[in-house]
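First residue of the sequence shown? That's 1 in UniProt numbering, and the numbers climb one at a time after it.
Below you'll find the structure, written out as structure tokens, and then a few comments.
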Amino acid sequence: MIHWRPKSGFVGDVIPFSHAGRIWLFYLLDERPADPTAGQSGMPWALVSTTDFVHYTDHGVVLRAGDRDADDFDCYTGSVVADGSRLHLFYTGHNPRRGDADGSFQVVCHAVSDGDPTVWTKLPEHTFGAPPGYVPQDWRDPFVYRTAPDQPWQLVLAARYADAPDRRCGVVARLTSDDLEKWTIAEPLWEPHRFITQECPDVFRWGDWWYLVYSEFTDAFQTRYRVARGPDGPWLAPGRDTVDGRAFYAAKSVEFAARRFFIGWIPTKQGDSDAGRWQWAGDLAVLEARQEGDGSLAFGFPEEVVAAFADVRQVALAPVDGAAAIPGQGAVDRYAAWLGEPLPERCLITLTVDVESAQAFGLLLHASADGEHANVVRLEPVRDRVVLDQWPRGRTGPAQWQVDGDVPYAVELERACPLPPGRHTVQVLLDGTTGQVVVDDRVALSFRRYDLGAGHLGLFATDGSFDLVSLTVAR
1 MIHWRPKSGF VGDVIPFSHA GRIWLFYLLD ERPADPTAGQ SGMPWALVST
51 TDFVHYTDHG VVLRAGDRDA DDFDCYTGSV VADGSRLHLF YTGHNPRRGD
101 ADGSFQVVCH AVSDGDPTVW TKLPEHTFGA PPGYVPQDWR DPFVYRTAPD
151 QPWQLVLAAR YADAPDRRCG VVARLTSDDL EKWTIAEPLW EPHRFITQEC
201 PDVFRWGDWW YLVYSEFTDA FQTRYRVARG PDGPWLAPGR DTVDGRAFYA
251 AKSVEFAARR FFIGWIPTKQ GDSDAGRWQW AGDLAVLEAR QEGDGSLAFG
301 FPEEVVAAFA DVRQVALAPV DGAAAIPGQG AVDRYAAWLG EPLPERCLIT
351 LTVDVESAQA FGLLLHASAD GEHANVVRLE PVRDRVVLDQ WPRGRTGPAQ
401 WQVDGDVPYA VELERACPLP PGRHTVQVLL DGTTGQVVVD DRVALSFRRY
451 DLGAGHLGLF ATDGSFDLVS LTVAR
């Protein structure tokens with residue numbers, strides 16, 4: 001299982017930590033009780049570790065939720081740092097029974113370890129809440145770091161100003177400390193004046209660039225990032241400022257073996273249905289970042305994940321509905337499709353094409369035998385984007401205008417993607433009901449789909465000229 005999930009429960013926000021030659025992936029364990037209003041137990045931190053994002057060791061719950069009256073009845077997102085041989089874990093404490101008419105409060109909590117990431121001692125005397133001027137309901141997701149070894153520790157949080165317009169009050173607040181115990185409020189790291197809050201902040205340096213990563217749930221539920229030449233900003237938006245789409249959320253990064261990985265989660269949907277609403281938490285997913293010259297980031301699969309699919313086979317394609325016998329021979333002046341064998345439940349699809357010009361091209365996933373029903377990974381050079389689509393898209397009644405044909409794709413699953421004439425490679429990782437697309441080792445689009453249909457793999461193109469170089473399926 002590449003997209004890891006515990007046997008009981010779901011993966012919420014992931015807190016990655018590099019230590020002792022392993023990547024330790026702390027995460028919020030969403031157990032989804034049958035009656036979530038009963039309030040008998042809160043949310044804990046669980047832990048899984050890996051060195052390759054292919055093989056995982058499950059360590060179970062390592063930071064238990066507090067009791068019914070504790071500040072940390074729910075243990076929410078935070079960070080882990082090392083100070084010498086001692087480890088420090090900072091997390092958000094929440095108790096739905098503590099608050100006011102505007103909602104329940106959130107506080108920063110602290111725990112320590114003598115070096116074993118699976119054993120923690122809470123320090124409730126170090127708990128602190130929002131200072132005056134900040135909303136006590138949003139004082140969360142503490143991320144602790146240093147700008148240099150001889151500099152004070154910094155702690156940034158997802159916060160909100162108390163007296164500001166609701167949809168523009170979000171701020172990345174900041175505190176400093178010399179001992180990781182006593183914290184002093186400092187100037188905010190970033191005041192974007194946009195949206196309610198910037199969740200799960202993450203700050204790191206990579207070469208000559210500094211990065212601020214955050215998740216903005218009031219825009220498009222996406223993880224975004226900003227770049228700067230120094231640790232205090234100014235934080236500028238790159239041309240493509242998102243890590244992935246709607247279905248890869250709350251991503252945080254970790255450096256390991258001189259590489260940078262982003263780990264998030266692919267959400268489930270209500271009722272295990274493609275028509276269901278997105279839910280919080282799901283399956284763990286990873287992307288590896290590559291730094292480009294202007295500081296922007298490109299995203300692809302770690303080489304270890306690709307290597308895990310070692311049995312590579314060329315796909316034999318047959319034309320559908322009068323298409324040319326061999327894909328890519330001559331111009332396409334219509335919609336043309338070709339189908340191969342049914343797909344395995346877990347596989348890595350790799351498509352390489354030379355595109356001279358095309359309105360659209362891409363892959364049909366789990367298509368019916370006639371290609372009419374399928375999940376669609378569609379690349380659109382005329383719009384420089386990649387989208388996830390599904391056909392048929394849905395129907396509300398028998399009349400023609402009651403078909404959801406005016407919805408051009410799954411609107412949450414669209415990514416800007418440069419597609420100039422030339423060679424392009426599309427990789428699709430399928431793992432049960434989860435999936436991830438990577439285009440040219442640069443643009444990623446994660447997704448969830450439940451209706452797997454008959455399961456054929458297909459290729460299609462619309463109005464243009466292209467050459468099929470290779471289409472493989474690896475198990």
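Beta carbons are placed, not taken as given, at the ideal position from N, Cα and C, and that holds for glycine.
- Here the alpha carbons of G453 and W190 stand approximately 47 Å from one another.
- The DSSP assignment places 303-307 as complete runs of the alpha helix (DSSP H) inside the region 243-308, in order along the chain (cut-off: 4 residues).
- The Cβ-Cβ distance between F204 and E288 does not fall below 8 Å.
- Between the C-alpha atoms of G60 and C347 there is a straight-line separation of about 28 Å.
- If the five residues before and after A323 are omitted, its C-beta is found closer than 7 Å to the C-beta atoms of A336, A337 and W338, all from its own chain and listed in chain order.
- Considered as a whole, the region 361-425 harbours 374-380, 385-391 and 414-416 as its complete beta strand (DSSP E) runs of no fewer than 3 residues, in chain order.
- According to the DSSP secondary-structure assignment, C347 is paired through a beta bridge with L430.
- Comparing alpha carbon positions, the residue from K269, C200 and A461 closest to D283 is K269.
- Listed in chain order, the non-local C-beta contacts of D72 below 6 Å within the same chain comprise G66, G93 and C109, local neighbours out to five positions each way being set aside.
- Spanning the alpha carbons of L236 and Y214 requires a straight line of approximately 13 Å.
- According to DSSP, residue pairing for L212 in a beta bridge involves V203 and R226.
- Pairing R448 with A281 gives a Cβ-Cβ distance that is not under 8 Å.
- Between R442 and F301, the CB-CB gap reaches or exceeds 8 Å.
- The shortest C-alpha to C-alpha distance from P344 to any of V315, Q329 and E372 is the one to V315.
- Between the region 215-230 and the region 184-200 there are three or more inter-stretch CB-CB distances shorter than 8 Å, so the stretches are counted as touching.
- Between R385 and R415 the beta-carbon gap is near 6 Å, inside 8 Å, which marks them as a contact.
- Pairing S104 with R140, the inter-Cα distance amounts to about 12 Å.
- Annotation for C169: no beta strand (DSSP E) segment contains it, and DSSP assigns it neither H nor E.
- For the pair K7 and W24, the Cα-to-Cα distance works out to about 18 Å.
- The straight-line gap separating the alpha-carbon atoms of G21 and T51 is approximately 8 Å.
- Put simply, of D241, L468 and G9 the residue whose alpha carbon is nearest the alpha carbon of Q329 is L468.
- Annotated three-state conformation of H19 is strand, per DSSP.
- The beta strand (DSSP E) runs of length 3 or more contained entirely in the region 77-126 are, from start to end of the chain, 86-100 and 103-113.
- Beta bridge pairing from DSSP links P319 with W338.
- For D138, the uninterrupted beta strand (DSSP E) segment begins and ends at Y134 to R146.
- Here the alpha carbons of P44 and P124 stand approximately 16 Å from one another.
- A distance below 8 Å between beta-carbons, with the five flanking residues on each side excluded, links D30 to the following residues of its chain, in chain order: G9, F10, V11, G12, M43, W280 and A281.
- Secondary structure of F53 (DSSP, three-state): coil.
- Look at D67 here: in three-state DSSP terms it is coil, with no helix or strand label.
- Contact check for A374 and G464: beta-carbon distance about 20 Å, past the 8 Å limit, so the pair fails to qualify.
- Short of 8 Å from the beta carbon of Y76, and not among the five residues preceding or following it, lie these beta carbons of its own chain, in chain order: D13, L28, M43, Y91, T92, G93, H94, Q106, R140 and D141.
- In this structure, DSSP gives R442 a state outside helix and strand, which the three-state scheme calls coil.
- Looking at the DSSP output, D463 bridges to nothing.
- Non-local beta-carbon contacts of P149 in its own chain, meaning distances under 7 Å to residues more than five positions away in sequence, are absent.
- Taking the CA atoms as reference points, P132 sits about 11 Å from R160.
- About 24 Å separates the Cβ atoms of C200 and A258, ruling out a contact at the 8 Å cut-off.
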